[in-house]
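Okay, so the sequence shown: first residue is 0 according to numbering that gives the first Met the number 0, each after it adds one. I have placed the structure first, in the form of structure tokens, so that the comments after it can refer back to it.
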Amino acid sequence: MAFSGFSPEGLDLLIENRLQNSKPFYDEHKDAIKRLVQQPMADLILEISDAMREIDPLFVLVPSKMISRVRRDTRYTRDKTLYRDHAWCTFCRPKNGYDARPCYYFEVMPDSWGYGAGYYRANPAELAVLRQFVLREDKRFLDAFDAVRHSGKFELYGEEFKRPKFPDAKPEYQPWLNKKNIGLSYSCTDFGPLFAGTFVDGMLKDLRAIAPFYHFLCAVHAAAESGADG
0 MAFSGFSPEG
10 LDLLIENRLQ
20 NSKPFYDEHK
30 DAIKRLVQQP
40 MADLILEISD
50 AMREIDPLFV
60 LVPSKMISRV
70 RRDTRYTRDK
80 TLYRDHAWCT
90 FCRPKNGYDA
100 RPCYYFEVMP
110 DSWGYGAGYY
120 RANPAELAVL
130 RQFVLREDKR
140 FLDAFDAVRH
150 SGKFELYGEE
160 FKRPKFPDAK
170 PEYQPWLNKK
180 NIGLSYSCTD
190 FGPLFAGTFV
200 DGMLKDLRAI
210 APFYHFLCAV
220 HAAAESGADG
């Protein structure tokens, strides 16, 4: 099906499903959640797959492998709530087990929606390599830095260390050097474009604009994986 937007009913159903926190309630509404939330997400993926493939031909573009599950894995978390009140999809290269890879993402939350690129949880080895790229002003970092600076829309996310790791580095590089995790995010609280489906062209323009940032993180990941520093 052609993508035509998400629906208020779908978002409301996710919220209600989480509040009910009940398997019988979920089982009763599972088909509606699939129709109102997961199918529109799959339609969006198909709508933008060709454009995303131009950014990275190695992306996995199978919706069933890209869309978040409604049921949470509560085995290793203190929060035992069974269901999510939000949904997302990721554009990533193939993974080996649970290894963290940089990716693009799109998400719908109860109070906002948005998109971006980065790590969900970068490991320390990759962040150490990233800092070396920054400190020696590797061209791939400079391209990423310029892309972020000129995007005007995205924010660099990630918790920071309390003390600067490299206090003598350039001030403009400090946010990149002090992150415990890193990525770019854009968030919007106007649901009109989301429900109308009119945000897609603008989103693709934004995602193309930050491609140098994504490819910088891919270079970091590859260097860390090989044991090199880039």
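Idealized CB from N, CA, C, for every residue including glycine.
- Per DSSP, the continuous beta strand (DSSP E) segment holding F105 begins and ends at 102-107.
- With a 10 Å radius around the Cβ and a threshold of 16 neighbouring Cβ atoms, N20 comes out exposed.
- In the structure shown, the three-state DSSP call for K161 is coil.
- Cβ-Cβ distances below 7 Å link N122 to A99 in the same chain, with the five nearest sequence neighbours on each side left out; the list follows chain order.
- Out of R17, K22, A222, I47, the CA that lies nearest to the CA of R139 is found in A222.
- Remark: C-beta atoms of L183 and F153 approach each other more closely than 8 Å.
- Per DSSP, Y75 is not a residue of any beta strand (DSSP E), being assigned neither H nor E.
- DSSP links C217 through a beta bridge to no other residue.
- For S184, the enclosing beta strand (DSSP E) begins and ends at 182-187.
- Here the alpha carbons of A210 and G115 stand approximately 10 Å from one another.
- Counted as a single uninterrupted DSSP element, the beta strand (DSSP E) harbouring E154 occupies residues 154-156.
- Residues F2 of the same chain have their beta carbon placed closer than 6 Å to that of L43, with the five preceding and five following residues left out of the count.
- Look at K179 here: in three-state DSSP terms it is coil, with no helix or strand label.
- Classified as exposed, V61 has fewer than 16 neighbouring CB atoms from the shown chains inside 10 Å of its CB.
- An exposed status is given to A127, since fewer than 16 other beta-carbon atoms sit within 10 Å of its beta-carbon.
- D205 has its alpha-carbon roughly 18 Å from the corresponding atom of G4.
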